[in-house]
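Presented below is the structure to which this report refers.
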Amino acid sequence: MLVVSLAPAVDAAKYAADLGVVTLAYLGAGALLAGLVLAAFSALLSFWAGWTENGVMIQVGRRAFYATAAMLSAAAIVLEAALLTHDFSLAYVTEHSDLATPIALVAAAFYGGQEGSLLYWALILGILGSASLVASAALGPRLAAYAAGMMAAILTFFLLVLVLVASPFDVLQITPPDGLGLNPVLRDGGMLIHPPVVLAGFASFAVPFSFAAAALLAGRTDAAWIAHTRRFALVAWGLQSTGLVLGMWWAYHVLGWGGYWGWDPVENVALMPWLATTAYLHSSQVQERRGRLRAWNFGLVMLAFLLVVFGTFIVRSGIVPSVHTFAISAIGPWFLGFLGACLVFSVGLLAFRSNGLKSNAEPAPAVSREGAFALQNLLLIGVIAVVFWGTMLPLVSGLAGQERVVGAAYYERATGPLFAVALLLMAAGPLIPWRHAGAPLWRSLRWPAASFAVVLIGLLAAGVRSLPALLAIPSAFAVAGTVLYEYARAAGRWRLAGGGWSRALALIAKRRRRYGAYLAHLGLAVLVIGLAASHFWQQEKDVTLQPGQQVAVAGYTLTYTGVQNRELADHTELVAAMKLGDLTLEPARATYAGLGGQSLTHVAISSTLVADVYVVLAGTNSDGSASFRVFVNPLVTWIWAGGAIIILGVVLGNVGARRAAFVPVAARVPSAVGAS
Amino acid sequence: MTLLVATLLLFAAGPFVLWPLIRTPDDNHEGNTA
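For the protein sequence lines, the chains are A and B, in the order given.
With my numbering as the guide, the letters of the first sequence map in order to residues 30 to 705.
With my numbering as the guide, the letters of the second sequence map in order to residues 45 to 78.
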């Protein structure tokens, strides 16, 4: 070391640069430590100030939360700067980037690894939490203070992990000349959009959880918390929906097995909180309108967050085998402890407040909107249970001696019937009135029923005999039928009122949330049709072709034209070109010499509204022939279109809307009897 | 070094976080001066 420190002055610039890097690491680590202190301070002060209703201290606690978010932002900027300037003295930069990786992907390495993704998660919670606190003035000081305390406590945990066990700012003893680089599978445009959205979705579930817990702590079990919580639950749901669809899209375009959903543990744990929040977004309406299902709603919001923490533990501890590769690290026990603490806290809080959560509204008959929502909730909880035990089976059976794993068949058989009933309910539910159903219900149900019947007859006539397909696709059309019927009714009301643009806008604005939700239903119907068609009618063929030879799959004829090598910046590609009509498809195998010769397949896809032709290059032979796996996947583009329509519905129905002023149905309808 | 940076950052965040306390007049202090 002495020799090194007495090195000639020409190395001064290098030492200055090293010092700069070290300073950057200290700056990031210092920001995280300061954030930890501020988060813990905010948590303790907010709970105490809320308890004593000390207005000034509540504000100080809230500002400490904002300052925590600022520290997290500072740490994020430092990490991003270290990545973009290739500071390989930081272990994180070395492990997740290299000089050859395109700069956009280097920037994306921020959330590409364990430590960085935890920082990203905490950052999103800091930002969304701050936004939710700014918007929480109407809830009263105590509830808002407890919510700040809850979110600060969650951030304290994350910052504790970031500071003590998974710091992105650890400095290497020796600075390597280049990094190890990003996993080749992640070197794709999808890396720029899917992980940040899905991680943000995960992080955002903490906001509704915090407000629900705060409402229970403050003894505010009325509907006031619902409107605020619903808004942020909707943000979480929207992010998670986008994340799930993007994940499917990415898996489909990158992994090269012809599918988009593999029931991998990581997919499952992202699906479960989404299902719980889907249930909540529907059941919360029962509380808004009828004052019922209070304990249930609190339970669902808490369940969604607990599932997020559970999922994080499962994914990051490495205890369940998964294709998603987070390095096994020391954070597993920390998340297990956090999960235990959250579980005990949530169950204890619900039990403690259970007396105040009892509903005094009269029970609704089974055939009513309330009944439909209750059944839909039970079905979704059923799906969560199926997915939960499927995911946990390797762990539970491993404890019993022999590790067992379930495949896609288990999930499809167990969740299929539940999803089918939920879909039928989705077709009927929006037409069932609150409180009770009468003769008009049966009249209005004729539209979805007719859609179902027409499509069913069409499928039978086309020779389809698969029961799941005969149930799923007509049900999805029935959902679309209901939505279109509701839109037609709205158009009828508009015409009766005299028509005109201003009336149309006023009508839409008045029931904006409802029409947005219907659009989301329509999107889901489109998505389900895409899922069902591509699942039930996928065709697949393995072939080995000489240049000039053809293969026909499901009416599509492909001609193999030959193989060529391409040198790219960070890898070489062996491209085997296929002609499909006028199009040239170029499936390839990419080899990354810098990563020990790791290779992966590059899929070639030709998409139309009717079907995708999906070609995977399995290998090339010395005689010039090449082996391919060709899939024809019907209606896959409908899945992506359906996802986009869902998000559009959520955005149009909610963004910029003032809080919906609901008149409880009990007050609006004078008598439940004889209304028909 | 990390501790020093954290302390400096906390010090810098002080005025923002404590602003509600700084802004609120101290009753005793005002009483004494009045």
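Note that CB positions come from ideal geometry on N, CA and C, so glycine has one too.
What residue range does the beta strand (DSSP E) around Arg618/A cover?
617-621
So what does DSSP say about Thr250/A, is it helix, strand or coil?
coil
Distance cutoff 7 Å, beta carbons only. Does Thr59/B sit that close to anything in chain A?
The sequence given here has Pro at residue 59/B, not Thr. It does not: the Cβ of Pro59/B has no partner Cβ on chain A nearer than 7 Å.
Across which residues does DSSP place Ser628/A in a beta bridge pair?
Thr620/A
According to DSSP, what are the bridge partners of Glu596/A?
Thr601/A
With 16 other CB atoms within 10 Å as the buried threshold, where does Arg518/A fall?
exposed
Grab me the residues of Gly385/A's own chain with a C-beta within less than 8 Å of its C-beta, minus the 5 sequence neighbours each way, in chain order.
Gly248, Thr250
Taking contact to mean 3 or more Cβ pairs, one atom from each stretch, closer than 8 Å, check whether the region 78-95 of chain A and the region 140-154 of chain A are in contact.
no
Chain B beta carbons: is any one of them nearer than 7 Å to that of Ala160/A?
no
Assuming Leu268/A and Ala305/A are in contact, meaning their beta carbons sit under 8 Å apart, how far apart are those beta carbons, in whole angstroms?
Wrong, their Cβ atoms sit about 15 Å apart, outside the cutoff.
Are Thr185/A and Ala72/A closer than 7 Å when you measure CB to CB?
yes
Within 7 Å (strictly less), CB to CB, does Ala419/A reach chain B?
Checking the displayed sequence, the identity of residue 419/A turns out to be Gly instead of Ala. So no, Gly419/A is outside the interface.
Give the secondary structure of Asn212/A by DSSP, where H, G and I count as helix, E and B as strand, and everything else as coil.
coil
Can you name the residues of chain B whose CB is closer than 9 Å to the CB of Tyr55/A?
Met45, Thr46, Leu48, Val49
Name the two residues that bound the continuous beta strand (DSSP E) containing Val659/A.
655-663
If you draw a straight line from the C-alpha of Ala520/A to the C-alpha of Ala647/A, how long is it?
54 Å
Since Lys608/A sits in a beta bridge, which residues does DSSP pair it with?
Thr588/A, Thr613/A
Would you mind telling me which residues of chain B sit closer than 7 Å to Leu191/A, beta carbon to beta carbon, in chain order?
Neighbours of Leu191/A on chain B: none; closest Cβ ~12 Å, over 7 Å.
Length of the line joining the Cα atoms of Leu609/A and His631/A:
17 Å
Give the single residue among Asp116/A, Ser102/A, Met220/A whose Cα lies nearest to the Cα of Ala138/A.
Met220/A
At a Cβ threshold of 7 Å, is Gln88/A touching chain B?
yes
Determine the chain B residues that contact Gly59/A at a beta-carbon separation under 7 Å, and present them in chain order.
Thr46, Val49, Ala50, Leu53
Please state the DSSP three-state secondary structure of Gln269/A.
helix
Is DSSP giving Ala395/A helix, strand or coil here?
coil
Once the 5 residues before and after Ala255/A are set aside, which same chain residues still bring their CB inside 8 Å of it?
In the sequence under discussion, the amino acid at residue 255/A is Ile, which differs from the Ala named in the question. Answer for Ile255/A: Ser313, Gln316, Glu317, Asn326, listed in chain order.
Nonlocal neighbours in the same chain, by C-beta distance under 6 Å from Leu322/A, ignoring five residues either side
Ser312, Val315, Gln316
Quick one, are the C-beta atoms of Ala253/A and Phe234/A less than 7 Å apart?
no
Evaluate contact between the region 663-674 of chain A and the region 535-554 of chain A, counting only Cβ atoms and requiring at least three cross-stretch pairs below 8 Å.
yes
Among Pro302/A, Glu515/A, Val665/A, Val192/A, which residue has its Cα nearest to the Cα of Gly458/A?
Glu515/A
What are the start and end residues of the alpha helix (DSSP H) that includes Glu296/A?
294-319
Going by CA-CA distance only, name the one from Thr613/A, Ala583/A, Asp571/A, Tyr585/A that's closest to Gly591/A.
Thr613/A
Rounded to whole angstroms, what is the Cα-Cα separation between Ile106/A and Met45/B?
19 Å
Going along chain B in order, which residues have a C-beta closer than 8 Å to the C-beta of Met707/A?
Since the first residue shown for chain A is 30 and the last is 705, residue 707/A is missing from the structure and cannot be characterised.
Cβ pair Trp669/A, Trp290/A closer than 7 Å:
no
If the criterion is Cβ atoms closer than 7 Å, does the pair Ala78/A and Ile156/A meet it?
no
Residue from Thr649/A, Ala509/A, Asp611/A, Ala505/A with nearest C-alpha to Leu587/A:
Asp611/A
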